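**Student:** Here the working numbering is used: position 129 in the sequence shown is 1237, and no number is missing along the way.
Pasting a structure here, questions to come.
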Amino acid sequence: MTQDIISEWADIEKTRELLESQEKLNKLAYDFCKKFGVFVSRSKDNSRSYLDVLTKDGLNAGTLRVDIGYVRGKSQDVYIYSANHITKDRSSANSNNRERDSSKINTLLKSIEKNNEEPSTENIYKEFVSGVHSAFETLREREDRQNYINAGLALAVFHRYSMMLKGEPTSPLSPKHHDEMMDELSRNKKNLRIMQDNEARFARFARGCTVIGTIRGKAPPYNYYVGTVKRDEVGHILIENLVRHASVRDIPHLAGVLAMLREYFKGNKSEHYDSRSDVGCNFHDEYHSAMDIACGYSNGRTNSVVWTLIPNEPPVSV
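This is how it looks when you write it as structure tokens:
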């Protein structure tokens, strides 16, 4: 019975030992897994008796534990499911606002279902949106690119335009104002080109990317999510087909790109280099024009992930 609920991504022996040594945690895990079609693994990141919850594709879906809590003033066991997609209005006596708890397993499962907080792929993807969004936002330069002219020049131009409308004689702009006008025109044309390039690049990525999520634990080896992502016209991010991998170096269509990325980060972006990662980068938000990739990250209780976007379309040569 215990073997049926242990994830293929688990340390099977350590997970089995934990389940067999803690009857109540075993019962919680078994009922939870059978109810929602998921699996468990002994948590590597915590000395306490936590179980990680994972989907069949290896997506982290939260944690399970049994604590001693207080129910109606009495000390007793409390069963707890913790996940980033849980959003209670406030903490309760025995759990925080990212957790559901109950002194009865069946009541806990019903509460999770009632609040649409099941460990589903849809709910897990919602946790990932902020990190992927951060990667998309790096595609737009952060500087203020608003077009403007300085106040003195604006007044000079406005004064002469007003005189022209009134039919009054006007004199040409002074050489100083003429030179300022030409400088402003050149700068604003350059800024306009930058904004157009930014928007074209953003649209190219939004039409579709391969996305690699490097799952960061307290210690390597890291695991990886690989799937696809798009962004629609109103800003909704669509993540699809994420599957967990122990390594991404041997995925045929990614092997060459990843080899170049590791060399790039090692040689040109050492502040972002992580030699332990198949992708080669640590937690950061940045568009790397030399490689045409965008990176962003999300930190969470059950998912701390560096997202790397690789666009399906190459940049248009000018």
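Just so it is clear, CB atoms sit at the ideal spot from N, CA and C, and this is done for glycine as well.
It should be emphasised that the depicted structure is a prediction, and the values quoted were computed from it without experimental measurement.
(1) Is residue 1252 helix, strand or coil by DSSP?
(2) Please return the same chain residues whose Cβ sits closer than 6 Å to the Cβ of residue 1232, not counting the five positions on each side in sequence.
(3) Under 8 Å between the Cβ atoms of residue 1394 and residue 1246?
(4) Buried or exposed: residue 1382, going by 16 or more other Cβ atoms within 10 Å of its Cβ?
(5) Can you pull the DSSP bridge partners for residue 1316?
(6) Tell me which residues share the same chain as residue 1370 and place their Cβ nearer than 6 Å to its Cβ, disregarding the 5 neighbours each side in the sequence.
(7) Please confirm whether residue 1135 and residue 1185 have their CB atoms less than 8 Å apart.
(8) Using DSSP's beta-bridge definition, name the partner residues of residue 1333.
(9) Roughly how many whole angstroms lie between the Cα atoms of residue 1390 and residue 1181?
(10) So, at 7 Å on beta carbons, what are the nonlocal neighbours of residue 1122 in its own chain, with the 5 sequence-adjacent residues on each side left out?
(11) Taking the alpha carbon of residue 1173 as the reference point, which residue from 1422, 1189, 1321 and 1199 has its own alpha carbon closest?
(12) First and last residue of the beta strand (DSSP E) that includes residue 1053?
(13) In chain order, what residues of the same chain lie with their CB nearer than 6 Å to the CB of residue 1127, ignoring the 5 residues before and after it?
(14) Between residue 1330 and residue 1320, how many whole angstroms is the CB-CB distance? I'm expecting something under 8 Å.
(15) Strictly by DSSP, which residues pair up with residue 1344?
(16) Can you grab the Cα-Cα spacing for the pair residue 1406 / residue 1301, in whole Å?
(17) Ignore the nearest five residues each way along the sequence and tell me which others in residue 1252's own chain have a CB closer than 6 Å to its CB.
(18) Output the distance between the C-alpha atoms of residue 1196 and residue 1228, rounded to the nearest integer angstrom.
(19) Quick check on this structure: which residue in 1324, 1164, 1365 and 1187 has the alpha carbon closest to the alpha carbon of residue 1415?
(20) Please state whether the Cβ-Cβ distance between residue 1146 and residue 1171 is less than 8 Å.
(21) Terminal residues of the continuous beta strand (DSSP E) containing residue 1457?
(22) Suppose you measure from the CA of residue 1112 to the CA of residue 1139; what does that come to, to the nearest Å?
(23) Residues in its own chain within less than 7 Å of residue 1141 by CB, not counting five upstream and five downstream?
(24) To the nearest angstrom, how far is the alpha carbon of residue 1404 from that of residue 1239?
(25) Put residue 1194 into one of helix, strand or coil per three-state DSSP.
(26) Which word fits residue 1377, buried or exposed, when buried means at least 16 other C-beta atoms lie within 10 angstroms of its C-beta?
(27) Can you tell me which residues form a DSSP beta bridge with residue 1183?
(28) In terms of alpha-carbon separation, which member of 1144, 1116, 1157 and 1143 lies closest to residue 1129?
(29) If you drop the 5 nearest sequence neighbours on each side, which residues of the same chain put their C-beta closer than 8 Å to that of residue 1413?
(30) Roughly how many angstroms separate the alpha carbons of residue 1401 and residue 1335, rounded to a whole number?
(31) Cα separation between residue 1198 and residue 1422?
(32) Candidates 1191, 1187, 1397 and 1213: which alpha carbon is nearest residue 1205's?
(33) Which same chain residues, not among the five before or five after residue 1314, have their C-beta less than 6 Å away from its C-beta?
**Tutor:** Based on what the coordinates show:
(1) Its pLDDT being 47, under 50, residue 1252 is placed unreliably in this model, and the value from its coordinates should be taken loosely. Residue 1252 falls in the coil class under three-state DSSP.
(2) 1167 and 1169
(3) yes
(4) buried
(5) The partner list for residue 1316 (beta bridge, DSSP) is empty, contrary to what the question assumes.
(6) 1388
(7) no
(8) 1321 and 1352
(9) 47 Å
(10) Excluding residues within five positions, the ones whose Cβ falls inside 7 Å are 1150.
(11) 1189
(12) The requested residue 1053 is not part of the displayed model; the chain covers only 1109 to 1426.
(13) 1110 and 1134
(14) Residue 1330 to residue 1320, Cβ: 11 Å. No contact.
(15) DSSP, once it has assigned bridges, lists no residue as partnering residue 1344.
(16) 32 Å
(17) Its pLDDT being 47, under 50, residue 1252 is placed unreliably in this model, and the coordinates cannot settle the point.
(18) 18 Å
(19) 1324
(20) no
(21) Residue numbering for the chain in the displayed model covers 1109 to 1426; residue 1457 lies beyond these limits and cannot be assessed.
(22) Their Cα atoms are separated by approximately 12 Å.
(23) Closer than 7 Å at the Cβ level, and outside the excluded window around residue 1141, lie 1113, 1147 and 1148.
(24) 5 Å
(25) In the three-state reduction of the DSSP assignment, residue 1194 falls in the coil class.
(26) buried
(27) 1178
(28) 1157
(29) 1236, 1239, 1321, 1322, 1323, 1324, 1333, 1405 and 1406
(30) 15 Å
(31) 46 Å
(32) 1191
(33) 1339
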